[in-house]
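To keep things clear, I will list the structure first and then write my remarks on it.
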Amino acid sequence: MRMNLKNTQLFARIRELPRAHRAGLAAGITLLCGLMLLPSDQVEASRNSESLILDAGVRYPLELSVADAPAIDFGEDETTWTLHKVGNGDTLAMIFKRAGFSARDTYNVTQAGELAKALVTLVPGDKLWLKADKQGNFAGLKYDISSRETLLIKPQDDNGTMTADLETKEVETRYNFAQGEINSSFWNAGVSAGLTSNQIMNLAGIFGWDVDFAVGIRKGDSFSIVFEEHYIAGEFVGYGDIVAAEFVNRGDKFAAIKYTDGNYYTPEGRSMRKSFLRAPINFKYVSSNFTKKRFHPVQKRWKSHNGTDYVAKVGTPVMAAGDGRVIKSTYNRFNGNYVFIQHGDQYVTKYLHFKKRAVKAGETVKQGQVIGYLGSTGMATGPHLHYEFLVNGVHRNPRTVELPEARPIDKAERNAFMKLAKNRLTQMKNNKRIMLAMQ
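To convert, note that position 352 of the sequence shown is 381 in the working numbering; the numbers rise steadily by one, no gaps.
Shown next, in the form of structure tokens:
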């Protein structure tokens, strides 16, 4: 109450002053208030004990916490790569347009040589890294062709010429081990051992000349393998080859070692590969075996069956059982579409009931080459391959005939191979011991 009275008396006296005095008093009050608001030399600019004085035109470092720091990668010329994901219906031109690059840039990139053709097959989910210079012009493209190879395209000059190179990442190879015992089927045993479908098929291929994986597998058979795993910068990127393997079939033990020539050999240096495939097709089952007496389902009479019938899906590729020359490739009402192959002087293989033939008479073929596709043409009750094996003109059982072996390890490589084989077998033996101890 007392303060309000004093304030009223003060304002009354100010109003009694001449106008010029009132103006001067107001200016003085304003100046005083401004001086009171200015900081003194003792005011702290931050929580630090030292005050910060900034000079115009000088760059000062700004410390940020890790959480606040932006993830910027300044390149060689203080530019940065930006990620662009390929969406449904996207083309390279559409992605470049969204990135701010011209149609001319797109064209120049596609003309960067054979490697640039990889950009034609972009699919949704692919990633492109693009870079622009300070003026916003195209400065580079990166595209992962595989986990090991990255395509790099960048300008070579100011005329729009581009260079394309492959950046290859260093791959570290490690070795792993797996083993399994067959209770129901070889395939299920492989899956239970943690093998991929490709590894299971490759393992069957290694021993396919010695083991009949269709009907020769028994409960209690077992396998062990040492295989490659590939890593880039410590990250797993895929599986490599099987480098050593062992298969026990009906008490017989087979072992295989992969050498630097890409082939598999026994520990003694004999080739795992035979001159002929035991079966020239990946089949589901055998419908008719080789026999001297069988009731023919079409002719309705007893006669010899001089081959083996393999049942598979129509169109399944049929392979040449060995290297040779096609002596017949034609059609008749009994055999349907068929192919005969001569292998040297002693051997002939015959393939009947193709849906379609893939070779012509007179052609030279290699073991494993596709010569036709399974069907049911000719005198056949259903889709199958009828396969015959002749030695010196005499029919032999394709599944039991003794196959001639391919060439052994080269003499010049024998010592190096024997050393490698010893190491691989020791590696497999030690891993088997560890697995046994863990059980």
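Positions of the beta carbon are idealized from the N, C-alpha and C atoms, including for glycine.
Selected residue, minimal CA-CA separation from residue i, among the options
| i | options | result |
| --- | --- | --- |
| Y380 | D439, M447, I310 and L432 | I310 |
| L170 | Y293, F418, L112 and V152 | L112 |
| F215 | E201, T202, E199 and A233 | A233 |
| K282 | G291, S253, T179 and G407 | S253 |
| N117 | P153, K126 and A141 | P153 |
| G298 | L432, G280 and Y288 | Y288 |
| G404 | A145, Y268, I438 and K342 | K342 |
| R302 | A350, V340 and T345 | A350 |
| N335 | S251, N137, D374 and T429 | T429 |
| G245 | G280, L224, E275 and E257 | G280 |
| I400 | K146, I229, D134 and G344 | G344 |
| D439 | R425, K461, G365 and Y294 | Y294 |
| M191 | F130, D134, M467 and K451 | D134 |
| D187 | G365, I261 and A168 | A168 |
| R307 | P437, R425 and D119 | R425 |
| F276 | D270, G269 and A285 | A285 |
| F363 | N421, A409, A450 and V347 | A409 |
| A218 | F242, E201 and T202 | F242 |
| S251 | K163, I211 and Q228 | I211 |
| V388 | G422, Q468, N361 and M348 | M348 |
| S213 | R247, P184 and Q185 | R247 |
| I124 | N459, N231, N421 and W158 | W158 |
| N231 | G263, Y268 and Y402 | Y268 |
| Y402 | E431, K458, N421 and Y339 | Y339 |
| P184 | E201, E199, V200 and Q140 | Q140 |
| G263 | N278, D119, E199 and D162 | E199 |
| G249 | N361, N278 and L224 | N278 |
Beta-carbon proximity of residue i to residue j, cut-off 8 Å
| i | j | result |
| --- | --- | --- |
| L454 | A273 | yes |
| G209 | S221 | yes |
| S304 | E178 | no |
| K156 | K126 | no |
| V355 | G407 | no |
| L121 | L144 | no |
| G353 | Q371 | yes |
| Q456 | Y204 | yes |
| F265 | E258 | yes |
| T359 | P427 | no |
| L419 | V368 | no |
| W110 | K146 | no |
| I261 | S176 | yes |
| S300 | R436 | yes |
| G129 | G165 | yes |
| I271 | Q228 | yes |
| A450 | P296 | yes |
| F206 | V255 | yes |
Bridge-paired residues (DSSP) for residue i
| i | result |
| --- | --- |
| I479 | The structure shown does not extend to residue 479, since the chain is modelled only from 30 through 468, so no value can be given for it. |
| D194 | L181 |
| D281 | N278 |
| S251 | E210 and V277 |
| L112 | W158 |
| V355 | I370 |
| N205 | F256 |
| F167 | A161 |
| I271 | F256 |
| I286 | A273 and Y294 |
| D186 | In DSSP, D186 forms no bridge with anything. |
| S300 | Y294 |
| P346 | Y402 |
heavy atom of the ligand NAP below 7 Å from residue i C-beta
| i | result |
| --- | --- |
| V272 | For the structure depicted, the ligand NAP is absent and the ligand set is empty, with no information on it obtainable. |
CB contact below 8 Å: residue i versus chain B
| i | result |
| --- | --- |
| H424 | Although the question refers to chain B, the structure presented lacks it and comprises just one protein chain. |
At which residue ranges does the region 361-448 contain complete beta strand (DSSP E) runs of 3 or more residues, listed in the order of the chain? Qualifying beta strand (DSSP E) stretches, in chain order: 365-372, 376-386, 399-403, 414-420 and 423-425.
Check whether the region 441-459 touches the region 392-399, taking contact to mean three or more Cβ pairs, one atom from each stretch, closer than 8 Å. With a cut-off of 8 Å, the region 392-399 and the region 441-459 do not count as touching, because too few Cβ pairs lie within range.
Check whether the region 368-383 and the region 408-416 touch, using three or more Cβ-Cβ pairs below 8 Å as the test. Taking one beta carbon from each stretch, the region 368-383 and the region 408-416 have 3 or more pairs nearer than 8 Å; the two touch.
When the Cβ atoms of the region 231-250 are set against those of the region 193-201, are three or more pairs found closer than 8 Å? Below 8 Å, too few C-beta pairs join the region 231-250 and the region 193-201 to call them touching: fewer than three.
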